[in-house]
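Below you'll find the structure, written out as structure tokens, and then a few comments.
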Amino acid sequence: MSSRRLEDLNPVVADMCRRFLALCRDRGIDVVVTSTLRTEAEQLALFAQGRKSLWYVNELRRDAGLPPIKEEQNRIVTHVLTSVHQFGCAFDVCIIKDGRAVWNIKADVNENDIPDYEEIGKIGEHIGLTWGGRFKFKDYCHFEYTGGLTLEDLKAGLRPKGKTVHRNKEGGKVMGKSFWKSKTFWVNLIGVVGVIVQSQTGYVIDAEKQLVILGVINAILRFVTKEPITWSR
Ligand SMILES: [Zn+2]
96 MSSRRLEDLN PVVADMCRRF LALCRDRGID VVVTSTLRTE AEQLALFAQG RKSLWYVNEL
156 RRDAGLPPIK EEQNRIVTHV LTSVHQFGCA FDVCIIKDGR AVWNIKADVN ENDIPDYEEI
216 GKIGEHIGLT WGGRFKFKDY CHFEYTGGLT LEDLKAGLRP KGKTVHRNKE GGKVMGKSFW
276 KSKTFWVNLI GVVGVIVQSQ TGYVIDAEKQ LVILGVINAI LRFVTKEPIT WSR
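Numbering (this note's numbering), first residue to last: 96 to 328.
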């Protein structure tokens, strides 16, 4: 299940997040964290959204422990198959007014003529976070910090800040299950094969194809194991 706990973030990012929330409060903008750590399965389900049939999306969501969505919600919500969220280095927020979520990016709850999402974006940047409002595909609610590490570095197990580098090759551990029943194992194996194929042939597997491959793995593992595939970090 998707987490919104700050404790699930990388400690460096968690500290920045706390500072960020306090600074927003000081400015008269109430902000809540809506998402921190995300599993690979959750990200896969989110990536499928708006790209695959509702049935398929809901199958992936079920695997990820997420509730099903309706047809009208089946639209693109992410542009990445692997997210910084999976490594505890990103969090999403929402501005709150009178106990309600404010999604309008032009909203100005503290009435200082600066749109609040822009204001909190700048607060985040001020303390060193990267703000999703600057991304090519704008994501005003998203903040991240990787300490200069790339997604490839994170995948390789590196984490922000020299002192607290955690080697965690699989990005999580599999609970009480033989390794060949673990999705992480197969995903990594396919990843390695993919890298070899790509370097040998120059053939690049696009994200759409990766999605289909991962979907097939999901389906196969559903049959292999009776209990839902649980894997957490
Ligand atoms: Zn995000």
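Even for Gly, the Cβ is constructed at its ideal location relative to N, Cα and C.
At least one heavy atom of ligand 1 lies less than 7 Å from the C-beta of ALA185.
Taking a C-beta distance under 8 Å as the contact criterion, LEU306 and LEU161 do not qualify as a contact pair.
By the Cβ neighbour-count rule, LEU284 is exposed, with fewer than 16 other Cβ atoms within 10 Å of its own. Each of TRP198, CYS184, GLY194, GLN144 was checked against the Cα of VAL172, and the nearest Cα belongs to GLN144.
The alpha-carbon of ASP211 is positioned some 15 Å away from that of ARG195. Remark: the C-beta of HIS237 is in contact range of ligand 1, defined as less than 7 Å to any heavy atom. For SER148, the number of other beta carbons within 10 angstroms of its own is below 16, and it is reported as exposed. Around the C-beta of GLY123, fewer than 16 other C-beta atoms lie within 10 Å, and the residue is accordingly described as exposed.
TRP226 sits in a strand when the DSSP states are folded into three classes.
Ligand 1 has no heavy atom closer than 7 Å to the beta-carbon of GLY216.
ILE191 and LEU253 have their C-alpha atoms spaced approximately 34 Å apart. Straight-line spacing of the CA atoms in LEU101 and THR296 works out to 43 Å.
ILE191 has ASP125, ALA196 as its beta-bridge partners, per DSSP. Taking 8 Å as the cut-off, the Cβ atoms of PRO106 and CYS184 do not count as close. Set against 7 Å, the gap from the CB of ASP103 to the closest heavy atom of ligand 1 is not smaller. Going by DSSP, GLU214 is part of the alpha helix (DSSP H) stretching over 211-221. Shown here for ASP103: same chain residues with a beta carbon closer than 7 Å to its own, the five before and five after excluded, namely THR131, LEU132, GLY183 in chain order.
Per the Cβ contact rule, the region 163-171 is not in contact with the region 108-116 (fewer than 3 Cβ pairs under 8 Å).
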